[in-house]
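Q: My structure is below; once you've seen it, I'll send some questions.
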Amino acid sequence: MPKSVGFNLSCIALAAISWGVGGFVAAILYHRSGLGPIAVTFWRYAGGLALLAALRPLLRTSGTRRPKPRRLILNGLGMALYQTTYYVAIALGGVGMVTVVTLGSGPILIAIGARLFLGERMGRTGALTVGASVVGLTLLVAQNPQTGPHPLAGMAVALVSAAGYAGVTLLNRAESDDPYDSALAGFAIGTAALLPLAAFEGPLPHAEHLGETLALLAFLGAIPTALAYALFFQGLRVVRATTASVVALSEPLAAVALGALVLHEPLTPWSAAGGATLLAAVAALALQERRARDGRVRPEPASEDSTAAAVAPRGSA
C-alpha cells in the first residue's frame, strides 16, 4: 500500500463518506425492513465479514504484519461497542444531540489519547482546527435539534460510544498491522458479540420489500462496512490519529448532503455555514498533515495553551 499522506488521507475521507452513505441506507432499512438498529449493525458486520473473507486471498499487502490476537479481540469488541451504543444513545437522546456528542467528542478524546500514548503533538493550529471542526459539526446538525425521552442518559451513552471509537482509532494507529486482517477480525468478533443482542431485538426482516431489504443489506455490508473499514485502517497506518478523526467528520457532511439531494430535506443557513466550517477545518488539518510529513514544516510543539485548547469542552462529544 502507498505510504503517501495524500493517498491515506483520501482513504480516510472515502471511508467517512461511505459511512455517511451507510447511515442514510440504514435509516431506510429501519423504516422499510422491520429491522432495528442492532439487527442492522449485525447484518452489516456479517456481510462485511463474508465479503472480506472471500476476497482476502486476493488482497495483498506489503510491509505489514499480522495483528496479535489480543489486539484483534480488543479491536472487534471496540467496534461492536461504539456502533451499538451509538444507536442506543440515539434512541435515548435524539439524533442531533447524540451526533454532536459522539462525533464531536471523538477528536478531543483521540487528541488526548494520541498525546499521552502515541506521543503525537497537535500544537496550537491543530487545537484550533479541532475546535473549529466541532463548531462546524454543531452548526451542521442544528437543523435537527429534537432530543429523545432521556437526553442525559443519551449523552452518557454517546460518550461511551465516542470512547469506543477513540479506542479503536488509537489502537489501529499504534500498530502498523495489516488493515484487512484488522477489519476482518473486527467484523468476526463484532458479529459474534452482536448476535445475542440482535436475536433479542429481532434479526429477521419483514417479508414485504424483502428483495429491496436484501439489496440494501448487501450494499451496506460491501461499501460502508468491508471497504470503508479497510480504507480507514489503511489510512491510520500513515495519518496521525487526531487528523484522521477530524477528516472522518466528513461522515455527517455526506449524510446531510444526501438528505438534501435525495430526500429534499431543507438545508438551513446555519447548517450550510457549519458544513463550510467543517470542510475548512478538514482541509486545513489535512494540509498541515501533508506539510509535516513532507518535512516542509515540523509539527508545532505542544504547549500548555494547546493542551488546554485540546481538552476544552466543545459542547458535544
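Residues in the sequence shown are numbered consecutively from -10, following the working numbering. Just so it is clear, CB atoms sit at the ideal spot from N, CA and C, and this is done for glycine as well. Since this is a predicted model, take the numbers as computed values, not measurements.
(1) Along the alpha helix (DSSP H) that carries residue 21, what are the first and last residues, could you check?
(2) Buried or exposed: where does residue 77 fall if 16 or more other Cβ atoms within 10 Å of its Cβ makes it buried?
(3) Can you round the beta-carbon distance between residue 158 and residue 105 to whole angstroms, since I take them to be within the 8 Å contact cut?
(4) Give me the Cα-Cα distance between residue -6 and residue 0, rounded to the nearest whole angstrom.
(5) Say whether the segment 15 to 31 touches the segment 192 to 203, bearing in mind that this needs 3 or more beta-carbon pairs closer than 8 Å, one atom from each stretch.
(6) Please classify residue 136: does DSSP put it in a helix, a strand, or coil?
(7) Secondary structure at residue 191, three-state DSSP: helix, strand or coil?
(8) Give the single residue among 97, 117, 202 whose Cα lies nearest to the Cα of residue 273.
(9) Mind reading off the beta-carbon distance from residue 220 to residue 41? Whole number of angstroms is fine, and I expect it under 8 Å.
(10) What first and last residue would you give for the alpha helix (DSSP H) that runs through residue 245?
(11) Measuring alpha carbon to alpha carbon, tell me which residue in 128, 208, 122, 174 is nearest residue 8.
(12) In or out: residue 254 buried (at least 16 other Cβ within 10 Å) or exposed?
(13) Beta-carbon separation of residue 263 and residue 128 under 8 Å?
A: Here's the rundown:
(1) Reading the sequence shown from its first residue, position 32 is the one you call residue 21. That run of the alpha helix (DSSP H) goes -6 to 21.
(2) Taking the sequence shown and counting its residues from 1, the one referred to as residue 77 is at position 88. With 16 or more other Cβ atoms within 10 Å, it is buried.
(3) Your numbering for residue 158 matches position 169 in the sequence shown. Your numbering for residue 105 matches position 116 in the sequence shown. Between residue 105 and residue 158 the Cβ distance is about 14 Å, and since that is not below 8 Å, they are no contact.
(4) Within the sequence shown, residue -6 is the residue found at index 5, counting from 1. Within the sequence shown, residue 0 is the residue found at index 11, counting from 1. When rounded, the distance between both Cα atoms is 10 Å.
(5) yes
(6) Within the sequence shown, numbered from 1, the residue matching residue 136 stands at position 147. If DSSP states are grouped into helix, strand and coil, residue 136 belongs with coil.
(7) As a working mapping, residue 191 is identified with position 202 in the sequence shown. Coil, per DSSP.
(8) The residue labelled residue 273 in the question sits at position 284 within the sequence shown. Comparing Cα-Cα distances from residue 273 to each of 97, 117, 202, the minimum goes to 117.
(9) What you label residue 220 is simply residue 231 of the sequence shown in a count that begins at 1. What you label residue 41 is simply residue 52 of the sequence shown in a count that begins at 1. No, residue 220 and residue 41 are not in contact; Cβ-Cβ is about 12 Å, not under 8 Å.
(10) For the purposes of this step, residue 245 is taken as the residue at position 256 of the sequence shown. Run containing residue 245: 239 to 251, per the alpha helix (DSSP H) assignment.
(11) The count along the sequence shown starts at 1 and reaches residue 8 at position 19. Residue 208 is the option with its Cα nearest to residue 8.
(12) The residue you call residue 254 lines up with position 265 of the sequence shown. Its Cβ having fewer than 16 others within 10 Å, residue 254 is exposed.
(13) Looking up residue 263 in the sequence shown gives position 274. Looking up residue 128 in the sequence shown gives position 139. Result yes, Cβ atoms of residue 263 and residue 128 sit closer than 8 Å.
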